[in-house]
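Written below as structure tokens is the structure these notes are about.
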Amino acid sequence: CIWPHTFNFDLTLDNLLWMLDFVGKAKWDAWKSLGSVSQDARQQYVDLIDSLLAAEGPAVAAQPTGSAATFDTLLVSTEDNITTIRLNRPQKKNAITVEMYNEVIKALEQAGKDDSVITVITGSGDFYCSGNDLTNFTKIPEGGIEQMAKDAGELLREFVKAFIDFPKPLVAVVNGPAVGVSVTLLGLFEIVYATERATFHTPFSQLGQSPEGCSSYTFPKIMGNAKASEMLLFNKKLSAVQACAQGLVTEVFPDSSFQTEVATRLKAYAKLPRNSLALSKQLIRGTEKERLHTVNDQEVERLVERWLSDECMQAIMSFFQAKAKL
3 CIWPHTFNFD LTLDNLLWML DFVGKAKWDA WKSLGSVSQD ARQQYVDLID SLLAAEGPAV
63 AAQPTGSAAT FDTLLVSTED NITTIRLNRP QKKNAITVEM YNEVIKALEQ AGKDDSVITV
123 ITGSGDFYCS GNDLTNFTKI PEGGIEQMAK DAGELLREFV KAFIDFPKPL VAVVNGPAVG
183 VSVTLLGLFE IVYATERATF HTPFSQLGQS PEGCSSYTFP KIMGNAKASE MLLFNKKLSA
243 VQACAQGLVT EVFPDSSFQT EVATRLKAYA KLPRNSLALS KQLIRGTEKE RLHTVNDQEV
303 ERLVERWLSD ECMQAIMSFF QAKAKL
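For the sequence shown, counting from 1, position 241 maps to 243 in this note's numbering; every step adds exactly one.
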């Protein structure tokens, strides 16, 4: 979950999704809940983020064309028994807005009920997903920071739940770099295909935060505790080849033939009996679904605590100040 996509630092502030509202318009009533942070520090933080927002410019979602459903941040279509959900903000490296979170939940709900055999998630342009957009949470709720963190936690809980409960085979087509929650969710997919230039990064501890997307459970299960800790605790970025060797990615393809080779495989899978695939997925995933929901709840509770902590606040400020000097 990590760093604003705008500055090409290849590190998107995904969990800052939930924190950034207290820079919005410098509403001091919300800042009061930060207690130990001095007014000077607050103002420096506001000035810093305001400058980053000014440099970024307005975050206007790309308008979908030819989509079977009406979405502002996604392209959703069904063809050859394959429903494709495409993150569609290429000019922002598919950084996730609050609207996109809600639209992905809606798109998954629709895809779970349609007649397609498999569902694919991918990105438009050169990025799969660069994490969360800097402009998220521009309005502070009446309850201030604590209410903001609670609301954000509930949105994250529902977002991850949509992946846990999805009834059909789910395939990630990782067409470029992936950061934060777009990486942590991969443990909930049946297949993950990646182009050779994809990278996978989850630098949570760098911002005083903690993992989400059930990765605290799925990553150790997939790659072992030591390798999972390198990613989730110590911010190690994996290449596509490394991610494949560790079991996070199913197969890696040359960038020049990526789309063609993946399409060939997907079309073959989509010819398989739909109900057979869905029921088989239930057998494979059903034994751990309750566990995944418990993990999701635990991760969200811990993140809400982190977002409200002085340590997280100071880590975010230090990180932004360091990057602003580059």
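Even for Gly, the Cβ is constructed at its ideal location relative to N, Cα and C.
Under 8 Å between C-beta atoms of E192 and V173: yes
Sequence-distant residues of the same chain with beta carbon closer than 6 Å to Q323, five excluded per side: none
I'd like the list of long-range same chain contacts for E105, defined as Cβ closer than 6 Å, with 5 residues on each side in sequence excluded. F73, T75, L76
Quick one: what does DSSP say F321 is sitting in, helix, strand or coil? helix
Measure the C-alpha to C-alpha separation of A154 and A196 and round it to an integer number of angstroms. 30 Å
With distance defined between alpha-carbon atoms, name the residue in N83, P205, P275, V302 nearest to E232. P205
Select from E81, F221, A270, D299 the residue whose C-alpha is nearest the C-alpha of L235. F221
Report the CB separation of I87 from S118 in whole angstroms; it is logged as a contact under 8 Å. Wrong, their Cβ atoms sit about 11 Å apart, outside the cutoff.
Do G127 and P92 count as a contact pair if the criterion is CB distance below 8 Å? In this structure, G127 lies closer than 8 Å to P92 by Cβ.
For N338, does the count of other Cβ atoms within 10 angstroms reach 16, so buried, or fall short, so exposed? In the structure as shown, the chain starts at 3 and stops at 328, and residue 338 therefore has no counterpart that could be examined.
To the nearest angstrom, how far is the alpha carbon of T80 from that of L268? 13 Å
Excluding the 5 residues flanking A230 on each side, which residues of the same chain have their C-beta closer than 6 Å to its C-beta? F221, P222
Give me the Cα-Cα distance between A64 and N227, rounded to the nearest whole angstrom. Unreliable positioning characterises A64 in this predicted model, as indicated by a pLDDT of 43, which lies under 50. The coordinate reading is nonetheless provided below. Cα atoms of A64 and N227: separation of roughly 39 Å, rounded to the nearest angstrom.
Through-space distance from L209 to I98, alpha-carbon basis: I98 and L209: Cα-Cα distance of roughly 18 Å.
According to DSSP, S79 sits in a beta bridge with which residue or residues? T86
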